[in-house]
Structures are given as structure tokens and as C-alpha cells.
Amino acid sequence: MKVILLQDIKSLGKKDQIVNVSDGYANNYLIPRKLALPATDANLKTLENKKRAADAKAAKELEEAKQLAKKIEGKQFVIKAKTGDSGKLFGAISNKDVADAIKEATGVEIDRKKIVMNEPIKQLGTFELEVKVHLGVSARFNVSIQEE
Numbered sequence: 000m001k002v003i004l005l006q007d008i009k010s011l012g013k014k015d016q017i018v019n020v021s022d023g024y025a026n027n028y029l030i031p032r033k034l035a036l037p038a039t040d041a042n043l044k045t046l047e048n049k050k051r052a053a054d055a056k057a058a059k060e061l062e063e064a065k066q067l068a069k070k071i072e073g074k075q076f077v078i079k080a081k082t083g084d085s086g087k088l089f090g091a092i093s094n095k096d097v098a099d100a101i102k103e104a105t106g107v108e109i110d111r112k113k114i115v116m117n118e119p120i121k122q123l124g125t126f127e128l129e130v131k132v133h134l135g136v137s138a139r140f141n142v143s144i145q146e147e
């Protein structure tokens with residue numbers, strides 16, 4: 000009997016995969032526990048529609064990520080910070096500060112966790128950073144730390 004898996008099952012396959020199992024296993028275990036559905040025409044059409052919608056959503060998200068990367072790529076963002084006599088910053092510039100500067104300059108909100116920084120910035124100057132907008136889509140930009 001062919002069934003559509005509703006969850007990942009270790010010995011059978013992944014979610015939304017169509018597998019062939021014995022009738023008893025399907026009727027007595029998989030279907031009653033809502034782990035699978037019988038592979039009827041209606042269920043197959045529903046699965047196909049769900050896959051098509053997921054593909055369209057993924058394509059839309061990728062396109063939005065590319066647009067966002069274009070807005071940020073190659074730009075320079077300025078962050079003003081308080082410094083001491085020696086030119087060292089009081090505190091440090093973190094990825095949250097960089098995300099706030101991007102939002103202030105472009106109006107685009109970026110999750111601070113997507114900004115790649117090896118360590119917080121602790122001195123004045125211009126630094127090249129990267130933001131990973133989406134899987135496989137990233138943008139490089141400069142951040143200029145200036146004295147307030």
C-alpha cells in the first residue's frame with residue numbers, strides 16, 4: 000500500500016515522501032497514529048498543491064533576500080561613538096549597533112544575528128562586514144566608526 004508520510008520516520012523516509020509499505024503496517028500503525036495518509040488521488044493532489052505553495056514561498060523569500068542584499072551591498076554606514084583621549088572607544092560596537100545603523104540609514108530591519116562579526120569593534124576606523132541575508136545570499140558593506 001502506498002502512503003504519504005506526515006512526519007519523518009527513521010526507517011521509512013522523510014515528511015511528504017510517498018512510500019510503499021505493507022497493508023497491515025499502514026492500516027494498523029501508520030494511519031491510526033497519524034504518521035501517514037493513504038496515497039489516494041485527493042491526498043496526492045493536496046500534497047502537490049502544498050509542495051507548489053512551499054516552492055513559491057521559497058522563491059519569493061529568495062527574491063526578497065536578493066533585493067535586500069542589493070540595498071546594502073557596497074554601502075557605508077556611519078556609527079558615532081564616544082571615545083577617550085587615546086582614540087579608544089568607551090565600550091564596543093556590537094552587531095546590534097550595526098543593525099541599528101543599517102535600519103536608520105535604509106529603513107531596512109536586519110536581524111543582528113545575521114551580521115557576521117568576528118569580535119565587537121573597539122576602535123575608530125572603517126571596517127568591512129558581511130550580512131548573511133538568506134541561504135547563499137550575502138552582502139558586504141563598510142561601517143565607519145567615528146568620534147562623537
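Everything in the sequence shown is counted per numbering that gives the first Met the number 0, starting at 0 for the first residue and increasing by one.
Even for Gly, the Cβ is constructed at its ideal location relative to N, Cα and C.
**Message:** So if DSSP puts LYS1 in a beta bridge, which residue, or which two residues, is it bridged to?
**Reply:** DSSP lists ASN19 as partners of LYS1.
**Request:** Give me the Cα-Cα distance between ALA80 and ILE71, rounded to the nearest whole angstrom.
**Result:** In this structure, the alpha-carbon of ALA80 lies about 22 Å from that of ILE71.
**Message:** Assuming LEU88 is part of the beta strand (DSSP E), what are its boundary residues?
**Reply:** 87 to 92
**Asked** Is the region 37 to 52 touching the region 0 to 12 in the sense that three or more CB pairs, one from each, lie closer than 8 Å?
**Response** yes
**Prompt:** Going by alpha carbons, who is nearest to LYS113 out of VAL107, GLU62, GLU103, ASN94?
**Reply:** Ranking VAL107, GLU62, GLU103, ASN94 by Cα distance to LYS113 puts ASN94 first.
**Prompt:** Can you list, in chain order, the residues of its chain whose CB lies under 6 Å from that of LYS121, leaving out five sequence neighbours each side?
**Reply:** LEU88, ALA91
**Asked** Counting pairs of Cβ atoms below 8 Å between the region 60 to 69 and the region 128 to 137, do you hit three or more?
**Response** Yes, the region 60 to 69 is in contact with the region 128 to 137.
**Prompt:** Residues in its own chain within less than 8 Å of LEU34 by CB, not counting five upstream and five downstream?
**Reply:** Only residues of its own chain outside the window of five on either side were considered, and among them LEU4, LEU5, GLN6, ILE8, TYR28 have a CB closer than 8 Å to the CB of LEU34, listed in chain order.
**Asked** Which residues in the same chain as ASP54 place their Cβ atom closer than 8 Å to its Cβ, once the five residues preceding and following it in sequence are excluded?
**Response** none
**Asked** Within 10 angstroms of its Cβ, does ASP22 collect 16 or more other Cβ (buried), or is it exposed?
**Response** exposed
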